[in-house]
Amino acid sequence: MIQFHPTLLLSQLTSKQVSRCVVDGLSLLLAVDSAGQVFAFENNCSHADKPLERGVWNPDTHEMICPYHRAIFDVARGGSVKVGPAFVALQVFPTEIRDFQGEKTVFVGLSNED
Ligand code: FES
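So for the sequence shown, the numbering used here puts the first residue at 3; every next one is plus one.
So, in structure tokens, the structure goes:
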């Protein structure tokens, strides 16, 4: 079962860069595309277990480029690898924008099953 958790305010996000948050002990990145859609994905490159937060986000193509060895992930296609050296997809999580304490807030869905 998916449980949605409040993260950052929608107004805190920009399409120019990703924003980091921690949900249930998990380091995640939030990214907004050119159309205003919000994506959430793990802050970890599958190639060498490094954080992605200083990578480059492209809001038009949904590509996230790892800052270490330049692997490219397609966040809009399930985090799939477009360019190696990584070969395992990023984990992408569902998002919803909800009113929370009077502010539009990004909620991220995590499975509460082990
Ligand atoms: S750590 Fe990301 S491509 Fe190597």
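Heads up, the beta-carbon is just placed ideally off N, CA and C, and yes, glycines get one too.
Can you give the Cα-Cα distance for residue i and residue j, rounded to whole angstroms?
{"i": "His71", "j": "Pro87", "result": "7 Å"}
{"i": "Leu11", "j": "Thr107", "result": "4 Å"}
{"i": "Ser29", "j": "Val83", "result": "20 Å"}
{"i": "Phe41", "j": "Val77", "result": "7 Å"}
{"i": "Ile74", "j": "Trp59", "result": "10 Å"}
{"i": "Leu54", "j": "Asn45", "result": "5 Å"}
{"i": "Asn1", "j": "Pro96", "result": "Given a span of 3 to 116 for the chain in the structure shown, any question on residue 1 remains unanswerable."}
Could you have a look at residue i and say whether DSSP puts it in helix, strand or coil?
{"i": "Arg56", "result": "coil"}
{"i": "Ala78", "result": "helix"}
{"i": "Leu11", "result": "strand"}
{"i": "Arg100", "result": "strand"}
{"i": "Leu115", "result": "Just to set this straight, residue 115 is Glu in the shown sequence, not Leu. DSSP places Glu115 in coil when its eight states are reduced to three."}
{"i": "Met66", "result": "strand"}
{"i": "Val85", "result": "strand"}
Residue i bridges to which residues according to DSSP?
{"i": "Cys23", "result": "Leu30"}
{"i": "Lys106", "result": "Asp101"}
{"i": "Ala42", "result": "Leu32 and Phe95"}
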